[in-house]
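If you read the sequence shown in our numbering, its first letter stands for residue 62, the second for the next number, and so on.
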Amino acid sequence: MDKLSIQRLKKTLLYLESKHRELKRQNDNDTRSIESMIKYLKKDMLEQFNLTDYDIYIKEETKNTEIFIRSVKTIIDELSSCEV
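What follows is the structure, encoded as structure tokens:
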């Protein structure tokens with residue numbers, strides 16, 4: 062993955078994290094729209110950045126957003142360290 066794609070992935074991940082925090086803050090409120098946005102974001106990240114090329118198990122991790130976020134961070138760290 063090139064440097065620009067890594068930067069785009071980082072920004073997308075930051076957005077996903079913010080939506081995940083927002084979802085946690087919404088106690089009893091209707092959270093369907095945020096949940097669907099998070100689901101779409103994860104699916105889009107998988108496809109756009111071909112994340113399964115870097116972690117073959119990441120597709121199963123989309124069910125749990127926190128684990129998905131950690132996995133993407135690990136991918137970013139690994140790719141960033143290879144960029145030197």
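Don't be surprised by glycine CBs; every beta carbon is placed ideally from N, CA and C.
Should isoleucine 136 and aspartate 105 be called a contact, given that it needs their Cβ atoms to be closer than 8 Å? Mapped onto the sequence shown, residue 136 falls at position 75. Mapped onto the sequence shown, residue 105 falls at position 44. Not in contact: isoleucine 136 and aspartate 105 (Cβ atoms no closer than 8 Å).
Helix, strand or coil for isoleucine 136, going by three-state DSSP, please let me know. Walking along the sequence shown from the start, residue 136 turns up at place 75. In this structure, isoleucine 136 counts as helix in the three-state DSSP scheme.
Nearest CA to the CA of tyrosine 118: which residue from Phe110, Phe129, Glu108? Along the sequence shown, read from residue 1 onward, the residue named residue 118 stands at position 57. For tyrosine 118, the nearest C-alpha among the options comes from Phe129.
Would lysine 80 and leucine 65 be called neighbours here (beta carbons separated by less than 8 Å)? For this step, residue 80 is matched to residue 19 along the sequence shown. For this step, residue 65 is matched to residue 4 along the sequence shown. Inclusion of lysine 80 and leucine 65 in the CB contact set at 8 Å is not warranted, their separation being larger than that value.
What are the start and end residues of the alpha helix (DSSP H) that includes leucine 75? Start at 1 with the first residue of the sequence shown, and residue 75 comes out as number 14. Its alpha helix (DSSP H) spans residues 64-86.
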